[in-house]
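Protein sequences appear in the order of chains Y and Z.
Sequential numbering from 204 applies to the first sequence in my numbering.
Sequential numbering from 46 applies to the second sequence in my numbering.
Let me begin by presenting the structure, written as structure tokens, before commenting on it.
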Amino acid sequence: MKALWSKIRPKFWKAQVDLSGGEQDVSYYSRIWKVAVAGIASVSVLPLVAMAFMNMNQYQNALKAQLVFPVTRLVSNTKRTIAYFLHERRAALRYIVMDKDFDADCSMERLNRTFIRLKNSYGGFVDLGVIDSHGVQKAYVGPYDLAGKDYHTQPWFREVIIKGVYVSDVFGGFRDIPHFVIAVKQDQDDGGFAILRATIDTDRFNSLISSLDLRPFTDAFVINHEGVLQTPSRFHGNTLEKIKLPVPPNTTTTQVLEVQDNKGQPLIMGYAYIEETPFVFLVLKHEKELMKGVAKLRRNLGLFLALSLGLILVVILGAATHLVNRIYEADLTRTSAQHKIEHTNKMASIGRLAAGVAHEINNPLAIINEKGGLLKDILSLGSDLPPKEKLVGLIDSIISSVERCSVITHRLLGFARHIDVRSESIDLSQFIEEVLGFIGKEALYRNIAVSMDVADDIPLIKSDRGRLQQVFLNVLNNAFAAVDDGGRIDISVEPASPDRVSVTITDDGCGIPPENLRAVFEPFFSTKGEKGTGLGLSITYGLVQKLGGNISVESEVNKGTSFVITLPVRG
Amino acid sequence: MKVLLVDDEIDFVTTLSNRLGLRGIETDVVHDGQEALDYVKDQEPDVIVLDLKMPGMYGMEVLRRLSKTNPDIQVVILTGHGTDRDEEEAQRLKAFDYLRKPTDIDKLADRIRGAYRFKLEKTMAAAAFAEAGEFDMAKDIAKDAERLKTAGEIFKDEDKDKT
């Protein structure tokens, strides 16, 4: 894993680039990368995922509606058919009992005739009986011998007295053939009443449902209010068994519910209560069918989502890596260019120094030359030796000139030695004197007054001597270039805050016009034309930044310019 | 022959004066540009040995003024600071020679003598032409820097043969 990571890790991952604003920490580029990746990913992946889920939901709802609608239609149509079937038979019986000749004492012959007519015209009738107001079956036509049977204790008898019509649940009866009963009551002129009771077998009933032509996972059947099956079902048991589902609540309209069967499978249940009967028509549809479509949809959507997410991620990762790489390379290029420029500048300032030093050394060398020459002259040309003191005087001035040379060379050595040293303690006032040592002669020749004012409590600062020398040489060289002969340059050192020291270098030179003031620290900005590279102050700026300080400038045309360099006390 | 030394290094210039004295060249010494100009006003020297970098007025400025006011005075530049640009400028202002410190005393003495001889020949030639009534020629000699300069070059070449 680690080996793989080190192989694919972009080269900017732990890279540090030394920019003018100081070095970045090791995770600078990886942080940019992470932010870029997170940012782009969040605006591209999140909407996509949200959209996918919204679509999924929408499709699921649409599919469900597609499934529910036929169930509703089926239930209400079938309910109407069943209700009509029952109503038809009730109406037939009512028609018979409303005949003015109908009473409890009607003859067997007449009942038989009626029964045959009913059977032929409506069908489904199994038997027919007439019961008087005491509950005794006075006449009976049918396959069983039920004449004389007393019904007055049975609940249906009492119900038919109250309601006038009665439709029973389906029951097995003597021969265990499922059937149900319809009874109608007819009040008599004498204040009593007679009841016509017909048994109807459920074959017709069943064929109503089996003719529905249902799909394989759909079930349709009739139950009573207690949940006992009144017709056979495909998956929920046979006639007169109790279904293992809860009986749906009573309503007058067709309803569709979502329920679970005993195995926990989701089912769509459509049902309708059939008025004035104990029957409830049910259609059950396995959600499996629905789920099949949904699952397919989900699979496709998921696959699509995963593919596009993968593609997006690859593109994002690639793009982010590419971009950060470009930034990193640009930074590298910039830094190396900056280093090159700095190096050139350093070389230039060393060259300038070397020229100055060489010229300065020439003067004492010339003195030594003349003194030595004079000694030689005296010894070779003169006939008599001059007094001893004169000779010693000559040698003394040779020695003092040599000392003058050695001071200059030591100073140069000191400068060279500090070029690569990193951080050391520096006494600022001593340090500035040292830098002035290089250019002080020019001040003398050009009659420029250089004053230095150092506050008492300036601490030693920790800094890079080489860089600091370059900074002050650059700024002082600028000041010298700005002032006329006989001008003045003031240097003051004072504490800026507990941990910062500021050095102000003020000249009374030509000043910088306001429109140029903002640009003085920009690279290649120069007003000196051919003479300057326009890099001096920009490099100075970079160096001061690197030393953890800052540099600012204030100027007024023809009055002078102030550079303020603020440096941290500890590196 | 009147020679003036101009240099701000007192130690240097006095010793130089001494040594030139030993070689038969009597010299006066001043220490800056203004003094040099003042001295020239009083008593015109034949040759001036001039340092370039001095406090106050630079040597180049002195040379520039002299080339206007006293073109006959021959100037030998002797400097420890000079750049190539300075040398070109000195040549343009018709300095007789340009030497760098430290320099050999005998070479310097030769140059001073050469400059003096050059000045003499130049004035004598001009006088001779003037006497012969050839005023135009005299003027030409005074003007024709290049022709006059060749006289100087001859001395230089002699020096080169010596060293």
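Where a beta carbon is used, it is the ideal one built from N, C-alpha and C, also for glycine.
Computed from a prediction, not measured in an experiment: that's the story for all the values here.
- The beta-carbon of residue 168 (chain Z) is placed no less than 8 angstroms from the nearest beta-carbon of chain Y.
- Using a CB distance cut-off of 8 angstroms, residue 565 (chain Y) counts as an interface residue toward chain Z.
- Among the residues facing chain Y, residue 152 (chain Z) is not included, as its CB has no counterpart in that chain under 8 angstroms away.
- In terms of beta-carbon proximity, residue 680 (chain Y) stays away from the interface with chain Z, with every pair separated by 8 angstroms or more.
- Scanning the region 594-677 of chain Y from its first residue to its last, the whole beta strand (DSSP E) runs of 3-plus residues come out as 627-629, 652-657, 664-666.
- Distance from the CA atom of residue 766 (chain Y) to the CA atom of residue 696 (chain Y), rounded to whole angstroms, is 12 angstroms.
- Under the Cβ criterion of 8 angstroms, residue 609 (chain Y) is not counted among the residues facing chain Z.
- By the rule that beta-carbons nearer than 8 angstroms mark a contact, residue 115 (chain Z) does not touch chain Y.
- With the criterion set as a beta carbon lying under 7 angstroms from some beta carbon of chain Z, the members of the region 575-599 of chain Y are 576, 577, 580, 584, in sequence order.
- Contact of residue 61 (chain Z) with chain Y by beta-carbon distance below 8 angstroms involves 573.
- Across the set Y:680, Y:772, Y:578, Y:502, the C-alpha of Y:772 shows the shortest separation from the C-alpha of residue 626 (chain Y).
- The Cβ-Cβ distance between residue 60 (chain Z) and residue 577 (chain Y) falls below 8 angstroms.
- In this structure, the beta-carbon distance from residue 104 (chain Z) to residue 118 (chain Z) does not fall below 8 angstroms.
- At least one C-beta of chain Y is nearer than 8 angstroms to the C-beta of residue 57 (chain Z).
- Residue pairing by DSSP places residue 756 (chain Y) opposite Y:766 in a beta bridge.
- Residues of the region 123-142 of chain Z with a C-beta less than 7 angstroms from any C-beta of chain Y: 125, 126, listed in chain order.
- The beta-carbon separation of residue 150 (chain Z) and residue 92 (chain Z), rounded to 15 angstroms, does not stay under the 8 angstroms limit for a contact.
- The beta carbon of residue 64 (chain Z) falls within 8 angstroms of a beta carbon belonging to chain Y, placing the residue at that interface.
- Residue 446 (chain Y) sits in coil when the DSSP states are folded into three classes, being neither helix nor strand.
- About 5 angstroms separates the Cβ atoms of residue 723 (chain Y) and residue 740 (chain Y), confirming a contact at the 8 angstroms cut-off.
- In the DSSP annotation of this structure, the continuous segment of the alpha helix (DSSP H) that includes residue 274 (chain Y) starts and ends at 231-300.
- Taking 8 angstroms as the cut-off, the beta carbon of residue 401 (chain Y) is found no closer than this to the beta carbon of residue 266 (chain Y).
- Taking a C-beta distance under 8 angstroms as the contact criterion, residue 82 (chain Z) and residue 110 (chain Z) qualify as a contact pair.
- The beta carbons of residue 318 (chain Y) and residue 328 (chain Y) sit closer together than 8 angstroms.
- When only Cα atoms are considered, residue 750 (chain Y) and residue 704 (chain Y) end up about 12 angstroms apart.
- Taking 8 angstroms as the CB threshold, residue 546 (chain Y) stays off the interface with chain Z.
- Around the CB of residue 143 (chain Z), 16 or more other CB atoms lie within 10 Å, so the residue is classed as buried.
- Per DSSP, the unbroken alpha helix (DSSP H) holding residue 717 (chain Y) starts and ends at 717-720.
- Three or more Cβ pairs closer than 8 angstroms define a contact, and the region 333-345 of chain Y falls short of that threshold against the region 365-376 of chain Y.
- Contact holds between the region 93-101 of chain Z and the region 46-65 of chain Z, because three or more Cβ pairs, one in each stretch, are under 8 angstroms apart.
- Here residue 562 (chain Y) is buried: its Cβ has 16 or more other Cβ atoms, across all protein chains shown, within 10 Å.
- From the listed residues Y:301, Y:520, Y:474, the smallest Cα separation to residue 213 (chain Y) is found for Y:520.
- Distance from residue 657 (chain Y) to residue 632 (chain Y) at the Cβ level is roughly 4 angstroms; contact confirmed, criterion being Cβ atoms closer than 8 angstroms.
- Contacts with chain Z (Cβ-Cβ distance below 7 angstroms) from the region 635-669 of chain Y involve 647, 648, 650, listed in chain order.
- Neighbours of residue 164 (chain Z) in chain Y, taken as residues whose beta carbon is under 7 angstroms from its own, are absent, since the nearest beta carbon is some 25 angstroms off.
- Nearest C-alpha to residue 391 (chain Y) among Y:301, Y:757, Y:406, Y:273: Y:301.
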